[in-house]
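Residue numbers (the numbering used here): 29 to 385.
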Amino acid sequence: MDNYLIDGHKLLWHLDRVLEWQAGRITAPVYIEVSPVSFCNHRCIFCGIDFARDTGYRLERETFRRRVAEMGRAGLRSIMFAGEGEPLLHKDLPEFIRIAGDNGIDVSLTTNGTAGGRDLWKDTLPHLTWIRFSVDAGTPGVYAAVHGVPESFFERTLDSIEQAVRIKKTRRLDVTVGVQLLIMEENLCDIENAVRLFSGLGADYISLKPYSLHPQMLNRREIRYTAGTIDYIDGILAGYGKDSGTEIIFRKESLRKYMEGAGMFRHCRALPFWGYISSTGDFYTCSVFIGDERFRTGNIYENSIEDIFFGEKRRRSIKYAEEELPVGEECRLNCRMARANEFLELIGNRPEHVNFI
29 MDNYLIDGHK
39 LLWHLDRVLE
49 WQAGRITAPV
59 YIEVSPVSFC
69 NHRCIFCGID
79 FARDTGYRLE
89 RETFRRRVAE
99 MGRAGLRSIM
109 FAGEGEPLLH
119 KDLPEFIRIA
129 GDNGIDVSLT
139 TNGTAGGRDL
149 WKDTLPHLTW
159 IRFSVDAGTP
169 GVYAAVHGVP
179 ESFFERTLDS
189 IEQAVRIKKT
199 RRLDVTVGVQ
209 LLIMEENLCD
219 IENAVRLFSG
229 LGADYISLKP
239 YSLHPQMLNR
249 REIRYTAGTI
259 DYIDGILAGY
269 GKDSGTEIIF
279 RKESLRKYME
289 GAGMFRHCRA
299 LPFWGYISST
309 GDFYTCSVFI
319 GDERFRTGNI
329 YENSIEDIFF
339 GEKRRRSIKY
349 AEEELPVGEE
359 CRLNCRMARA
369 NEFLELIGNR
379 PEHVNFI
């Protein structure tokens with residue numbers, strides 16, 4: 029099961045924006061990712077944006093407050109705080125989350141969780157749609173090896189997750205608490221431990237996610253999945269009781285497509301619907317191309333959201349991606365917008381006799 033459609037896309041619930049795209053109009057993104065800081069308290073061996081980390085940048089409070097209000101007026105529907113570093117390391121993150129919600133924007137957070145705790149979750153969870161903890165292990169030794177931290181960090185992270193679940197339940201909050209495991213050789217043996225542990229803690233879901241190589245990674249890793257990988261994980265999950273209240277989401281379809289090594293679409297048409305704000309305030313139409321001027325369409329310190337969302341730079345970037353970008357050569361295989369792009373490829377190729385449904 030995947031009640032959250034994590035392994036799919038949700039553009040079917042934003043057909044007003046899709047219709048605007050079909051009519052050739054530029055729209056506000058439905059969703060953007062925001063990187064509050066460029067530094068991290070972990071050294072994960074799989075970090076996809078290690079090239080953009082540890083530069084000491086953090087979003088400036090007053091500017092971001094103003095821009096979030098502009099985003100809400102422009103029609104942005106959701107923000108995920110994640111990015112180049114660990115978002116909890118920005119002291120103003122709770123305020124950023126509250127302000128976004130106050131401006132009609134759904135808010136989520138992806139975090140390693142180590143810096144979290146009861147007071148922080150009391151302040152932030154009431155304003156979040158969901159929070160996802162990137163844990164990637166079920167025991168201290170595997171966690172330390174994968175996240176590049178001392179084993180003691182594992183207990184800190186578990187306590188953080190436990191506090192979040194407790195606050196959600198005691199205050200009856202409508203926030204989804206999820207745990208994510210990136211599937212790697214280093215943690216395959218730990219999947220069963222993780223499923224048992226985090227369902228026991230009361231997480232709403234556990235997501236088992238395939239790796240995706242970022243083209244700019246410094247610590248490049250080639251991970252091979254096989255049919256045996258799928259069978260092994262299926263075997264673990266088949267023996268897991270379904271009455272725990274925790275949904276187990278094995279992103280099998282994405283894993284299969286990564287195994288195939290080929291994209292299912294020839295053109296990137298998804299850029300009108302999302303974007304990325306870096307820790308330096310730059311807005312990119314695609315987070316795979318941080319630092320690439322083809323995809324940088326403004327900066328929140330220099331430009332209004334009106335200029336960034338609806339200006340000529342973003343229009344040109346979107347047009348370039350759809351018409352000229354060599355997807356098979358430059359893009360991240362199984363990128364975040366892959367399923368959306370497959371859908372847009374389908375409806376972008378209008379068949380004959382379309383009214384004979």
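Idealized CB from N, CA, C, for every residue including glycine.
Start and end residues, beta strand (DSSP E) containing residue i
i	result
Y233	233-237
S227	First-last for S227: 219-229, but that is the alpha helix (DSSP H), not the beta strand (DSSP E).
F293	Per DSSP, F293 belongs to no beta strand (DSSP E) and is neither H nor E.
V382	Here V382 belongs to no beta strand (DSSP E), and DSSP marks it neither H nor E.
Option nearest residue i by Cα separation, candidates the options
i	options	result
Y59	A298, N331, H381	A298
R396	I305, N383, P379, R146	There is no way to answer for residue 396, as the model of the chain reaches only from 29 to 385.
V65	F161, D335, T308	T308
A110	G103, L87, F182	L87
G169	R101, S162, R160, F181	F181
T152	E112, Q191, M287, N31	Q191
E112	E350, I305, C359, R344	I305
V62	T254, E351, Y312	Y312
N369	D259, M108, I107, H37	H37
R284	G273, W302, L236	L236
Y260	S136, M212, L229, W302	M212
P57	E179, S106, R360, P115	S106
H175	I264, L209, M108	L209
Neighbour-count burial assignment, residue i, 16 or more Cβ in a 10 Å radius
i	result
T83	exposed
H381	exposed
Q50	exposed
D44	exposed
L374	exposed
T325	buried
D310	buried
G166	buried
R342	buried
K196	buried
R101	exposed
N31	exposed
R344	exposed
A222	buried
A349	buried
C-alpha gap between residue i and residue j, whole angstroms
i	j	result
D320	Y268	45 Å
H155	G129	6 Å
P379	S227	46 Å
E123	M99	16 Å
A172	D218	12 Å
H42	P300	12 Å
D164	N383	48 Å
R252	I34	22 Å
F74	I385	45 Å
V193	A231	7 Å
Y85	L121	14 Å
D134	T157	6 Å
R53	L47	9 Å
E357	Y239	18 Å
S315	P243	11 Å
R160	N377	35 Å
R294	G103	29 Å
R184	G144	9 Å
L216	E275	19 Å
C68	K280	29 Å
N331	R89	16 Å
P115	R126	15 Å
Range of the contiguous alpha helix (DSSP H) that encloses residue i
i	result
E370	366-376
M99	89-102
S282	280-288
W149	146-152
D78	Element bounds for D78: n/a, residue is neither H nor E.
S180	180-198
Q208	Note, Q208: premise wrong, no alpha helix (DSSP H); beta strand (DSSP E) at 204-210.
T257	255-266
Y171	168-175
I336	333-338
F124	121-130
Residue i beta carbon near the ligand PLP (any heavy atom closer than 8 Å)
i	result
Y253	Ligands are entirely absent from the displayed structure, and the ligand PLP is therefore not among its contents.
**OP:** Decide yes or no for the touch test of the region 91-105 against the region 138-154: beta carbon pairs closer than 8 Å, at least 3 of them.
**Re:** no
**OP:** Mind the definition here: the region 69-85 touches the region 231-250 only if three or more C-beta pairs lie below 8 Å; say whether that holds.
**Re:** yes
Original post:
Would the region 200-210 and the region 310-325 be scored as touching if the rule is three or more Cβ pairs under 8 Å?
Top reply: The region 200-210 and the region 310-325 do not touch, with fewer than 3 CB-CB distances between them shorter than 8 Å.
Original post:
Can we say the region 325-339 touches the region 364-374, given the rule of at least three CB pairs closer than 8 Å?
Top reply: no
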